[in-house]
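Chains as they are written, first to last, in our numbering: chain A, -18 to 134; chain B, -18 to 134.
Just so you know, even glycine gets a beta-carbon here, dropped at the ideal spot from N, CA and C.
Structure first, commentary second.
Protein chains: 2
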Amino acid sequence: MVKGRAAIKRRLDAAAIACSQRGSRLTDLRRAVLELILMAEGPVTAYQLLDRLKKSRKGAAPPTIYRALDFLLDNELIHKVESLSAFIPCIDAGNHSLSVQFLICRRCGTVAELEESTVSEALERAAARQGFRPGSTIVEVQGICAACSTQAP
Amino acid sequence: MVKGRAAIKRRLDAAAIACSQRGSRLTDLRRAVLELILMAEGPVTAYQLLDRLKKSRKGAAPPTIYRALDFLLDNELIHKVESLSAFIPCIDAGNHSLSVQFLICRRCGTVAELEESTVSEALERAAARQGFRPGSTIVEVQGICAACSTQAP
DNA sequence: GTTGGCATGATATGTTATAACTAATTATGG
DNA sequence: CCATAATTAGTTATAACATATCATGCCAAC
Chain A
-18 MVKGRAAIKR RLDAAAIACS QRGSRLTDLR RAVLELILMA EGPVTAYQLL DRLKKSRKGA
42 APPTIYRALD FLLDNELIHK VESLSAFIPC IDAGNHSLSV QFLICRRCGT VAELEESTVS
102 EALERAAARQ GFRPGSTIVE VQGICAACST QAP
Chain B
-18 MVKGRAAIKR RLDAAAIACS QRGSRLTDLR RAVLELILMA EGPVTAYQLL DRLKKSRKGA
42 APPTIYRALD FLLDNELIHK VESLSAFIPC IDAGNHSLSV QFLICRRCGT VAELEESTVS
102 EALERAAARQ GFRPGSTIVE VQGICAACST QAP
């Protein structure tokens, strides 16, 4: 979630530039979906995005959304949180963060994105010890965030 | 996947004892589902289990399977591999392995279960640094296993 | 201006998971 | 033993998530 129309516009413009540098195009549709993800108050599911997109695109259907999401994932503009089947913006798109960790609050639903080399390196060593050549990894921790810990039960 | 009828029977009997010690019951249905998971050649999905279960239980429906799976998960007899939406036996049921890691081979589909304290501890420290109180965690690595690495492309 | 590649539209269907209600079975207290 | 509560399982329906397939449009390069 990103606050402020101006901040969102900056992110969208930066994304368009990053895409063109990679030889891909941030089309109107893809830009609209990314905007919805940036505006969301936390992780959003594909069908939530579909409902919201329909307000501006009458013919939108599941493939409309899933194709845009695939593009945004490939271009490292968003992340998928597997355990929620939901999507969030990359904290720092452009910095290709190959190995990230998510802290998912059960109480308030917010997802914090970490990039801890201690974790990813421990995991790489463990995999190497098994002769396993790692590709992508999923690291998601469910729990209670700091803000919610200090609140009334 | 567990080889041999005798080994499977031993695992099932051990599971029944472990359950009764916890005050839960490994009923016929739950035992049948666990047996299917032990017999499977790798991770199996809920609906694959449903198809197989139907051969002995004509009325089986999705809730039949999902309730049994929930029970087996609660009693730490199986694991869910989130990124496959599939289920595998616990390597060592009884040893409550709170924090495990899975190495998932893209080629052959096998899933290796690790219990690396270096990984789980790095993750706990990272979470603690954010004031985050962790509950359950998912750590899944997709890649190519040792056996597949040494094979022809 | 035609060709070829990418993007989108449109329809249908596949896959995973749960809700809600009923019936059967099993434990438990008197 | 019997009544009753609690747990387990059966049944139907549907929610939620994701992809296949084929048609159409758009634009750029030749």
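By the neighbour-count criterion, in which a residue is buried when 16 or more other Cβ atoms sit within 10 angstroms of its Cβ, Ile(-2) (chain B) is exposed.
Shown here, Cys129 (chain B) sits in a helix according to DSSP, grouped into three states. Contact between Ile46 (chain A) and His60 (chain A) does not hold, since the beta-carbon distance rounds to 16 Å and is not under 8 Å. Here Ser80 (chain B) is buried, its C-beta having at least 16 other C-beta atoms within 10 Å. Comparing C-alpha distances from Glu96 (chain B) to each of B:Leu84, B:Gly90, B:Arg48 shows the shortest one belongs to B:Leu84. Between the stretch 15 to 25 of chain A and the stretch 100 to 113 of chain A, the count of C-beta pairs closer than 8 Å stays below three; the two stretches do not touch. Within the stretch 13 to 75 of chain A, the complete beta strand (DSSP E) segments of 3 residues or longer fall at 59 to 62, 67 to 70, listed in chain order. Here Ser101 (chain A) is buried. Its C-beta has 16 or more other C-beta atoms within 10 Å. Residue nearest to Cys129 (chain A) within the set A:Leu65, A:Thr91, A:Gly112 is A:Thr91 (criterion: CA-CA distance).
Using a Cβ distance threshold of 8 Å, Ala103 (chain B) and Ala103 (chain A) count as a contacting pair.
Just measuring C-alpha positions, the residue of A:Arg12, A:Ser117, A:Ile(-11) sitting nearest Arg38 (chain A) is A:Arg12. Here Ile119 (chain A) is bridged, per DSSP, to B:Glu121. Counted as a single uninterrupted DSSP element, the beta strand (DSSP E) harbouring Val92 (chain A) occupies residues 92 to 95. For Leu7 (chain B), there is no enclosing alpha helix (DSSP H), since its DSSP letter is neither H nor E. Annotated as distal: Leu34 (chain A) and Val62 (chain A), with beta-carbon spacing of 8 Å or more. Going by beta carbons, Leu58 (chain A) and Cys71 (chain A) fall inside the 8 Å limit.
According to DSSP, residue pairing for Arg114 (chain A) in a beta bridge involves B:Ile125. At a cut-off of 8 Å between beta carbons, Arg88 (chain A) makes no contact with chain B. By the rule that beta-carbons nearer than 8 Å mark a contact, Gln123 (chain B) touches chain A. For Asp9 (chain A), the closest alpha carbon among the candidates A:Arg114, A:Gln2, A:Leu(-7) is that of A:Leu(-7).
Against Gln82 (chain B), the close residues of chain A are Leu104, Ala107, in the order they occur along the chain (beta-carbon pairs closer than 8 Å). Secondary structure of Cys89 (chain A) (DSSP, three-state): coil.
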